[in-house]
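Residue numbers for the sequence shown follow my numbering, so the first one is 88 and each next one is one higher.
C-beta atoms are modelled at their ideal positions from N, C-alpha and C, and glycine is treated no differently.
In what follows, a single structure is set out as structure tokens and then discussed.
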Amino acid sequence: MPAITGKKYIERIDKLQANVWVDGKPVQGRISEHTAFKGILRSQAALYDLQHDTTVNHIMTYSSPITGEPVGMSYLQPKTKEDLVKRRKMTQQWAIASNGMMGRSPDYMNTVLMALASSSGFLKGKENCFPERLVAFYEYARENDLSLTHSFVNPQVNRAQFYFEDSDEPIAAKIVAKNEEGIIVKGARLLATRGGITDEIAVFSAGGIQDKANGFAFSIPSNQKGLKFISRESFVGGDSTFNYPLSSRYEEMDTIVVFDECLVPWERVFYYDNLPVSNTFATSSSFHPFSLHQAISRQIIKTEFILGVVQSIIDSINISDYLHVQEKASEIIIALETLKALVIKSEVEAKLDEWGFMRPDQRTLHVASNIFPKVYARFSEIIQQISASGIMSIPTENAFQSELKKDLDHYLQSKSDDAETRVKLFRLAWDLTMSAYGTREVQYERYFYGDPVRLSSQLYYTYDKEPFVKRVKDFIEID
Ligand SMILES: Cc1cc2nc3c(=O)[nH]c(=O)nc-3n(C[C@H](O)[C@H](O)[C@H](O)COP(=O)(O)OP(=O)(O)OC[C@H]3O[C@@H](n4cnc5c(N)ncnc54)[C@H](O)[C@@H]3O)c2cc1C
């Protein structure tokens with residue numbers, strides 16, 4: 088089945104009946120009707136429907152190289168710089184639908200899978216590596232428009248540099264047995280955003296593996312026997328889009344993933360029992376350049392939305408004359424234009440890699456990925472600072488339908504908005520920065536691409552500083 092519709096996506100996820108737990112209880116019945124998941128499933132379904140919207144389907148899809156049918160553009164393996172532009176436009180079209188609030192719209196993992204499959208040559212001829220299975224799975228995912236979640240991180244038990252787990256029962260997921268059907272995995276991984284509401288979960292080692300039993304790459308259906316998703320509490324405030332404009336629609340949920348002697352069939356094992364590959368595939372493949380290109384493209388749309396919220400607040404209560412307010416809005420403009428410039432620079436400086444795919448410039452995207460976690464936390468602070476008490480003067484939809492309406496209409500009006508419009512705007516500001524959902528968003532943007540401390544250390548080590556050091560040496564040697 089080529090590019091799917093929203094209806095098809097929801098039917099498929101409901102049918103999975105994955106083992107998902109919320110608040111100590113297993114989800115029963117249709118997950119698409121559960122309070123914690125119905126909003127995000129509906130929002131994601133709307134994304135899939137865009138693939139069939141005749142005004143944008145040329146942006147959202149391309150012709151399958153196998154069948155000629157339309158398949159999702161995020162699966163496109165770019166061979167030219169124009170292909171990179173097509174990929175960016177697709178991601179941004181989807182991002183606009185949620186104003187960038189869906190950090191894990193399916194294009195993120197589609198891109199990751201595309202990148203890994205496009206680097207499958209790296210696995211060729213290496214022990215316990217199966218590049219052909221990775222390519223076959225990528226093609227299967229593309230042709231069936233699968234959605235995926237992923238988990239790259241071991242449980243946070245002991246992060247000392249040379250910690251070696253010493254436990255009879257595995258904590259970090261590891262291979263505990265092999266048989267003719269596949270590998271058996273036991274233990275846990277974190278933190279899979281959207282765990283249980285995607286068709287599949289891809290599990291990869293992202294480096295730092297010391298025991299080869301912890302190093303593997305595979306993908307399995309979300310309802311595989313022995314697989315369990317333990318959700319945190321839901322941050323959906325309620326159904327009302329007036330009260331909870333963001334969490335009612337975009338709460339993606341984060342889950343701990345438990346593998347209880349879970350069988351991964353051989354055709355889905357991409358590598359295992361190979362320490363060097365487990366530790367280097369992520370960095371040697373095109374994972375970083377392609378996934379960052381998708382991530383920054385989405386973050387640009389989110390930054391535009393933040394700027395829109397900030398300017399709406401400024402206009403609403405008429406604070407545009409104050410210099411510090413202008414400076415704060417300018418911080419967002421500077422971040423926005425910087426991110427836009429960096430993504431375009433990464434495309435302009437893209438080069439064909441050894442496997443014939445057009446990689447955006449990784450160094451440039453690494454710079455962008457170091458900027459966003461910091462500025463996003465600052466955006467949240469700016470919204471709180473310019474809103475002041477406004478972000479707390481936010482009566483609910485019911486209050487506006489009660490006898491209080493007359494008071495609220497009078498006392499909560501602002502320079503440019505009637506009371507109801509103004510409260511809706513400030514409730515949005517609150518859900519963006521102060522609700523459980525909003526604070527999770529800050530933590531998400533801070534950590535989703537890894538630890539920001541290590542991201543900047545990585546940039547420092549990989550950036551070629553030598554030419555500039557030489558220039559200084561040459562300069563001080565001049566008489
Ligand atoms: C909302 C949210 C959603 C997420 N969704 C996903 C997902 O879907 N899939 C997925 O795979 N991951 C996901 N993650 C996990 C994310 O990848 C990790 O948070 C990130 O890689 C950091 O790892 P950690 O949380 O284990 O932090 P830790 O590595 O435990 O770090 C804790 C602290 O110790 C410091 N520290 C630890 N080790 C070192 C070191 N070697 N050098 C310097 N400092 C160190 C860190 O700087 C940090 O301050 C998500 C995270 C969040 C917050």
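Notebook entry, point to check: In chain order, which alpha helix (DSSP H) runs of at least 4 residues are fully inside the stretch 131–180?
Noted result: Taking only runs of at least 4 residues, the alpha helix (DSSP H) segments lying wholly in the stretch 131–180 are 144–147.
Notebook entry, point to check: Going by the CB atoms, is the gap between residue 467 and residue 513 shorter than 8 Å?
Noted result: Taking 8 Å as the cut-off, the Cβ atoms of residue 513 and residue 467 do not count as close.
Next item on the list: Determine the closest residue to residue 201 out of 177, 209, 164, with distance taken between C-alpha atoms.
Entry: The residue with the shortest Cα to Cα distance from residue 201 is 164.
Checklist line | residue 538 beta carbon near ligand 1 (any heavy atom closer than 7 Å) | finding: Answer for residue 538: yes, Cβ within range of ligand 1.
Item checked: Option in 106, 314, 147, 364 with minimal Cα separation from residue 304 -> For residue 304, the nearest C-alpha among the options comes from 364.
Check: Would you say residue 498 touches ligand 1, meaning its beta carbon is less than 7 Å from a heavy atom?
Finding: Checking the Cβ of residue 498 against ligand 1 gives no.
Notebook entry, point to check: What residues are listed by DSSP as bridge partners for residue 350?
Noted result: According to DSSP, which records beta bridges pairwise, residue 350 is partnered with 271.
Check: Using a Cβ-Cβ cut-off of 6 Å (strictly less than) and excluding sequence neighbours within five positions of residue 191, which residues of its own chain qualify?
Finding: If we look at residue 191 and ignore the five residues flanking it on each side, its Cβ neighbours are 280, 281, 339.
Next item on the list: Compare the beta carbon distance of residue 288 and residue 351 with 8 Å and say whether it is the shorter of the two.
Entry: Result no, Cβ atoms of residue 288 and residue 351 do not sit closer than 8 Å.
Margin query: Threshold first: 3 residues or longer. Then list the beta strand (DSSP E) segments lying entirely within the stretch 278–357, N to C.
Written below: Note on the stretch 278–357: whole beta strand (DSSP E) runs with a minimum of 3 residues are 287–291, 303–308, 314–318, 341–352, in chain order.
Checklist line | Residue from 317, 509, 264, 334 with nearest C-alpha to residue 300 | finding: It is 264 whose Cα lies nearest to the Cα of residue 300.
Check: Which runs of the beta strand (DSSP E), 3 residues or longer, sit entirely within the stretch 200–275?
Finding: The DSSP assignment places complete beta strand (DSSP E) segments of no fewer than 3 residues inside the stretch 200–275 at 235–238, 261–265, in order along the chain.
Margin query: Taking only three categories from DSSP, how would you classify residue 439?
Written below: If DSSP states are grouped into helix, strand and coil, residue 439 belongs with the strands.
Item checked: Segment limits, alpha helix (DSSP H) that includes residue 396 -> Run containing residue 396: 374–404, per the alpha helix (DSSP H) assignment.
Next item on the list: Indicate whether the contact test is met: 3 or more Cβ pairs, each with one atom in the stretch 124–133 and one in the stretch 93–101, closer than 8 Å.
Entry: Touching, yes, given that three or more Cβ pairs across the two stretches are closer than 8 Å.
Item checked: Contacting residues, own chain, Cβ-Cβ under 6 Å from residue 189 (five flanking each side not counted) -> The beta carbon of residue 189 sits closer than 6 Å to those of 337, all from its chain and outside the five residues before and after it, given in chain order.
Margin query: Closer than 7 Å to a non-hydrogen atom of ligand 1 - does that hold for the CB of residue 346?
Written below: Within 7 Å of the C-beta of residue 346 there is not a single heavy atom belonging to ligand 1.
Next item on the list: Would you kindly work out how many angstroms separate the C-alpha atoms of residue 167 and residue 444, rounded to a whole number?
Entry: Roughly 8 Å separates the two Cα atoms.
Next item on the list: Classify residue 562 as buried or exposed, calling it buried when 16 or more other Cβ atoms lie within 10 Å of its own Cβ.
Entry: If you draw a 10 Å sphere on the C-beta of residue 562, you find fewer than 16 other C-beta atoms in it, and that means exposed.
Check: Taking the C-alpha atoms as reference points, what is the distance between residue 70 and residue 221?
Finding: Residue 70 falls outside the range modelled here, since the chain spans only 88 to 566, and no answer is possible.
Note to self: For residue 381 and residue 194, which I take to be in contact (beta-carbon distance under 8 Å), what is that distance rounded to the nearest angstrom?
What the structure shows: With 8 Å as the limit, residue 381 and residue 194 qualify as a contact, their Cβ atoms being about 6 Å apart.
Note to self: Just verifying my parser: in three-state terms, what is the DSSP assignment at residue 445?
What the structure shows: The answer is strand: DSSP assigns residue 445 an E or B state.
Margin query: ligand 1 and residue 278: does any heavy atom of the ligand fall closer than 7 Å to the residue's C-beta?
Written below: Proximity of the beta carbon of residue 278 to ligand 1 is indicated: a heavy atom of the ligand is located closer than 7 Å.
Next item on the list: Counting only the same chain and skipping the five closest in sequence on each side, list residues whose C-beta sits under 7 Å from that of residue 390.
Entry: Its chain contains 419, 422, 423, 426 as the residues whose beta carbon lies nearer than 7 Å to that of residue 390, once the 5 sequence neighbours on both sides are disregarded; these appear in chain order.
Margin query: Any contact between the stretch 353–363 and the stretch 143–160? By contact I mean 3 or more CB pairs, one from each, below 8 Å.
Written below: Flag = no, the stretch 353–363 and the stretch 143–160 do not touch.
Item checked: Through-space distance from residue 324 to residue 532, alpha-carbon basis -> Going by the C-alpha atoms only, they are around 20 Å apart.
Notebook entry, point to check: Between the Cα of residue 293 and the Cα atoms of 245, 368, 275, which residue gives the shortest distance?
Noted result: Checked all of 245, 368, 275; the closest Cα to residue 293 is 368.
Checklist line | Beta-carbon gap between residue 356 and residue 270 smaller than 8 Å | finding: A distance below 8 Å separates the beta carbons of residue 356 and residue 270.
Note to self: Can you determine whether any heavy atom of ligand 1 sits closer than 7 Å to the C-beta of residue 131, and answer yes or no?
What the structure shows: False, no ligand heavy atom lies under 7 Å from that Cβ.
Notebook entry, point to check: Applying the criterion that 16 or more other CB atoms from any shown protein chain within 10 Å of the CB defines a buried residue, is residue 565 buried or exposed?
Noted result: Under this definition residue 565 is an exposed residue.
Next item on the list: Compare the beta carbon distance of residue 344 and residue 446 with 8 Å and say whether it is the shorter of the two.
Entry: No, the pair does not count as a contact, with Cβ atoms beyond the cut-off.
Check: Between 504, 497, 274, 502, which lies nearest to residue 255 when the distance is taken from Cα to Cα?
Finding: Proximity to residue 255 across 504, 497, 274, 502 peaks at 274, based on C-alpha coordinates.
Next item on the list: Have a look at the DSSP bridge pairing and note the partners of residue 492.
Entry: Paired residues: none, contrary to the question.
Check: Roughly how many angstroms separate the alpha carbons of residue 176 and residue 431, rounded to a whole number?
Finding: Looking at the two C-alpha atoms, the distance is approximately 12 Å.
Next item on the list: With a threshold of 16 other CB atoms inside 10 Å of the CB of residue 451, please say whether the residue is buried or exposed.
Entry: Taking every protein chain shown into account, the CB of residue 451 has 16 or more other CB atoms within 10 angstroms, so this residue is buried.
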